[in-house]
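Residue numbers (my numbering), protein chains in the order written: chain A, 1 to 371; chain B, 372 to 542.
Have a look at the structure below, then the notes.
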């Protein structure tokens, strides 16, 4: 009786061994088949540029979607108000079409004046100076029994008649520069309004090299991966400033890491370029975050304009100047970089908006004034 | 802000770390899954970019490899891959990718196992490659491919048989 069982056991053991042998052979053959494959040169550097770039695109797409949803919902709200609101006594149905046109055509001054003035459309046009997001909130200005759900932002943007800030309407711009943090230098620019006006971001920055020529330094919206110490500021907001009001923005100077070529020059200041990311060739704005092992040696502070170069001998000085209207520069600061750099920039905000959220560590790092 | 800084650093360091640990093996995985070897680097690059640009996916470093494998398999399979071939995701050809890598690709093209793999069903190929190249268990393969363990077994045994027949035909 036991003989067949023994046979079965031996057979299944044999099959098992056979299967294991096939498995082992297959594993070996698969490994052999692809043994020679190696990543192509520059694969990591490409990723180091492409990942933050893709992340920025995702953020931009999300922001655009949010803005679209807001504009559309605002348009629908306005249309409803235009139809059923208390003002509609003498406007009748023409009101609705006009409001919708305003909301969707946005601030581009679109519409080319077709359709002569319908009285109720005027206040909307006044309110839409800055951006297409403005109309709904400015419409609640004045006599409307506005709903309580309006965000606080709409209060600041209710400046119907204010003009955009010019260099002449702003005064006393100060800037402070942080010590380099992982190679990234943060600049905080604070200004005060002389007269009432509105500020809409992004702040106007111009980068010039030592000779005064415009430098090819890409300016990006703030990105927490590339410049993690920048505050989180909502984009696209319009600040309404009264005389004496302060405004602020920040930007980060992110030097690109230099390509490391076969004969490694182990200078102390190149410690941060452990990953050999490519320079700002494609303008992707490499976030020069040091690798895990290179976080202990922050480089020295940026040298002032025209002074000594880095040990590599290629350090260049750049000047970043700020102008609210693209004409007169109100403030400038100097930075250095060996192999190009990128700037990450926040939108305008008012100091009181951000104050509680700022940890002491960040402000402490920005102790000394650049100018 | 401090949290942001941390996550920023972690993301960047994780990219380098993941690259060093897994890029080559994922490249080989793609080479075994794809019909056109030339596009395997594009597929792996795209997988790295997708996984690392989504913060939620890199929050748990232990799962990054699983996400990467999944993305490589999906990209290798999907019609998007065909677009990738045309688009060549890498913006510029990498400068010195000449001799050594091309030689490896050529050798790969001539390999009997690779030739045989291309002749079997896609599912069978995926199961065999994940089981025997990536050393995944049947349960892991089932989860990655979204099929049952029984199906993994069936695809595996049929795949081995099909592979054996084709490899004998090459001799």
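Note that CB positions come from ideal geometry on N, CA and C, so glycine has one too.
Short CB-CB distance (under 8 Å) between residue i and chain B
| i | result |
| --- | --- |
| residue 343 (chain A) | no |
| residue 187 (chain A) | no |
| residue 44 (chain A) | yes |
| residue 62 (chain A) | no |
| residue 51 (chain A) | yes |
| residue 23 (chain A) | yes |
| residue 48 (chain A) | yes |
| residue 15 (chain A) | no |
| residue 154 (chain A) | Caution is warranted here: a pLDDT of 39 is assigned to residue 154 (chain A), below 50, making its placement in the model unreliable, and the coordinate value is therefore given only provisionally. By this cut-off, residue 154 (chain A) is not an interface position. |
| residue 55 (chain A) | yes |
| residue 26 (chain A) | yes |
| residue 237 (chain A) | no |
| residue 114 (chain A) | Interpretation of residue 114 (chain A) is limited by its pLDDT of 36, a score under 50 that renders its predicted location unreliable; the figure taken from the coordinates is listed afterwards. Not one chain B Cβ lies under 8 Å of residue 114 (chain A). |
| residue 135 (chain A) | Bear in mind that the predicted position of residue 135 (chain A) carries a pLDDT of just 34, short of 50, making it unreliable; the figure below should be weighed with that in mind. It does not; no Cβ of chain B falls within 8 Å. |
Distance CB(residue i)-CB(residue j) smaller than 8 Å
| i | j | result |
| --- | --- | --- |
| residue 249 (chain A) | residue 349 (chain A) | yes |
| residue 231 (chain A) | residue 346 (chain A) | yes |
| residue 225 (chain A) | residue 55 (chain A) | yes |
| residue 48 (chain A) | residue 189 (chain A) | no |
| residue 318 (chain A) | residue 222 (chain A) | no |
| residue 537 (chain B) | residue 491 (chain B) | yes |
| residue 253 (chain A) | residue 184 (chain A) | yes |
| residue 394 (chain B) | residue 179 (chain A) | no |
| residue 405 (chain B) | residue 415 (chain B) | no |
| residue 424 (chain B) | residue 51 (chain A) | yes |
| residue 435 (chain B) | residue 389 (chain B) | yes |
| residue 194 (chain A) | residue 169 (chain A) | yes |
| residue 446 (chain B) | residue 417 (chain B) | yes |
| residue 220 (chain A) | residue 342 (chain A) | yes |
| residue 488 (chain B) | residue 501 (chain B) | no |
| residue 241 (chain A) | residue 196 (chain A) | yes |
Test: residue i CB closer than 8 Å to a CB of chain A
| i | result |
| --- | --- |
| residue 424 (chain B) | yes |
| residue 503 (chain B) | yes |
| residue 529 (chain B) | no |
| residue 500 (chain B) | yes |
| residue 433 (chain B) | no |
| residue 394 (chain B) | yes |
| residue 495 (chain B) | no |
| residue 387 (chain B) | yes |
| residue 484 (chain B) | yes |
| residue 491 (chain B) | no |
| residue 526 (chain B) | no |
| residue 428 (chain B) | no |
| residue 516 (chain B) | no |
| residue 438 (chain B) | no |
| residue 405 (chain B) | no |
| residue 416 (chain B) | yes |
| residue 446 (chain B) | no |
| residue 402 (chain B) | yes |
| residue 420 (chain B) | yes |
| residue 539 (chain B) | no |
| residue 412 (chain B) | yes |
| residue 481 (chain B) | no |
Where the beta strand (DSSP E) containing residue i begins and where it ends
| i | result |
| --- | --- |
| residue 241 (chain A) | 238 to 241 |
| residue 485 (chain B) | Run containing residue 485 (chain B): none in the beta strand (DSSP E); it sits in the alpha helix (DSSP H), 483 to 490. |
| residue 331 (chain A) | 331 to 337 |
| residue 345 (chain A) | 341 to 345 |
Continuous alpha helix (DSSP H) stretch holding residue i: start and end
| i | result |
| --- | --- |
| residue 438 (chain B) | 435 to 448 |
| residue 321 (chain A) | From DSSP, residue 321 (chain A) is part of no alpha helix (DSSP H) but of the beta strand (DSSP E) over 316 to 322. |
| residue 424 (chain B) | 411 to 424 |
| residue 248 (chain A) | Here residue 248 (chain A) belongs to no alpha helix (DSSP H); instead the beta strand (DSSP E) covers 246 to 255. |
| residue 514 (chain B) | 509 to 516 |
| residue 499 (chain B) | 493 to 499 |
| task | Quick one: which unbroken beta strand (DSSP E) runs of 3-plus residues sit fully inside the segment 178 to 234 of chain A? Chain order, please. | result | 185 to 193, 197 to 200, 205 to 209 and 218 to 221
| For the segment 30 to 41 of chain A, which residues have a beta carbon sitting closer than 9 Å to at least one beta carbon of chain D? | Of the protein chains in this structure, namely A and B, none is chain D.
| task | Evaluate contact between the segment 203 to 215 of chain A and the segment 315 to 332 of chain A, counting only Cβ atoms and requiring at least three cross-stretch pairs below 8 Å. | result | yes
| field | Inter-stretch contact (C-beta, 8 Å, three-pair minimum) for the segment 518 to 535 of chain B and the segment 490 to 501 of chain B | value | yes
| query | Counting pairs of Cβ atoms below 8 Å between the segment 15 to 29 of chain A and the segment 189 to 198 of chain A, do you hit three or more? | reply | no
| said: If contact is defined by three or more beta carbon pairs under 8 Å, each pair taking one atom from either stretch, is the segment 393 to 400 of chain B in contact with the segment 437 to 452 of chain B? | reply: yes
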